[in-house]
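First up is the structure itself, then whatever we jot down about it.
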Amino acid sequence: MQLRNAQGSGQSHEKQTKSQDDKENDPPGSSDLSSTPTLGGARKKQAVDLHVQLKKKDGQLKSSRSKNKLIKAKLTHRETAAGVLKKENNRLRTLILQTDTEKSHLARQLKSAYHQNQQQVSKRERKFFQVVQKLEMQHSNALASSEMYN
């Protein structure tokens with residue numbers, strides 16, 4: 205086991221102690237262990253940026269939800285108000301129809317009462333004229349009989 209540790213530590217030591225010549229001979233764009241912290245920093249920055257974007261989107265989503273709730277509440281209020289107005293409109297229409305029906309019924313009753321009244325007036329007028337004629341005849345008969353006795 206100690207032999208393995210010695211070999212393993214030797215290999216890692218070789219990797220860590222890369223010579224300056226080896227670094228110069230590496231092709232451009234290749235990376236070694238010393239460049240990894242900058243790559244990790246870029247990843248961390250990207251993660252922070254994504255987190256900030258996520259927070260913004262979350263805020264926008266919450267704002268949209270609250271706006272939707274307000275709109276839904278307004279719509280519900282308008283629908284409720286529209287429903288109330290519709291019911292009131294229907295009630296008024298029914299009331300107008302009832303009023304028109306009652307008006308027609310009262311007009312018929314008035315017309316009928318007027319005709320009945322006219323008939324009664326005519327009947328009374330005829331009776332009155334008959335009584336007047338009868339009285340005139342009695343009066344003229346009384347005059348005639350008084351002249352006869354005089």
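Take the sequence shown: its letters are residues 205 to 354, numbered as in the numbering used here. Note that the Cβ used here is the ideal one computed from N, Cα and C, for glycine as well. For clarity, every value in this text was computed on a predicted model and none was experimentally measured.
Measure the alpha-carbon distance for K278 versus K271 and round it to whole angstroms.
-> Start at 1 with the first residue of the sequence shown, and residue 278 comes out as number 74. Start at 1 with the first residue of the sequence shown, and residue 271 comes out as number 67. Distance between the alpha carbons of K278 and K271 is about 10 angstroms.
For H309 and T303, the rounded distance between their alpha carbons | Start at 1 with the first residue of the sequence shown, and residue 303 comes out as number 99. Start at 1 with the first residue of the sequence shown, and residue 309 comes out as number 105. If you take the alpha carbons of T303 and H309, they lie about 10 angstroms apart.
In chain order, what residues of the same chain lie with their CB nearer than 8 angstroms to the CB of F332, ignoring the 5 residues before and after it?
-> Reading the sequence shown from its first residue, position 128 is the one you call residue 332. For F332, where only same-chain residues beyond five positions count, there are no Cβ hits under 8 angstroms.
6 angstroms Cβ shell around Q324 - same chain, five flanking residues per side excluded = To locate residue 324, count along the sequence shown from 1; it is residue 120. Nothing meets the Cβ criterion.
Look at the alpha carbon of L296 and the alpha carbon of K315, and state the distance between them as a whole number of angstroms.
-> Reading the sequence shown from its first residue, position 92 is the one you call residue 296. Reading the sequence shown from its first residue, position 111 is the one you call residue 315. Cα-Cα distance, rounded: 28 angstroms.
Determine the direct distance from the alpha carbon of L258 to that of T284, and round the result to whole angstroms.
-> Counting from 1 along the sequence shown, the entry for residue 284 is found at position 80. Counting from 1 along the sequence shown, the entry for residue 258 is found at position 54. Inter-residue distance for T284 and L258 is about 38 angstroms (C-alpha atoms, whole angstroms).
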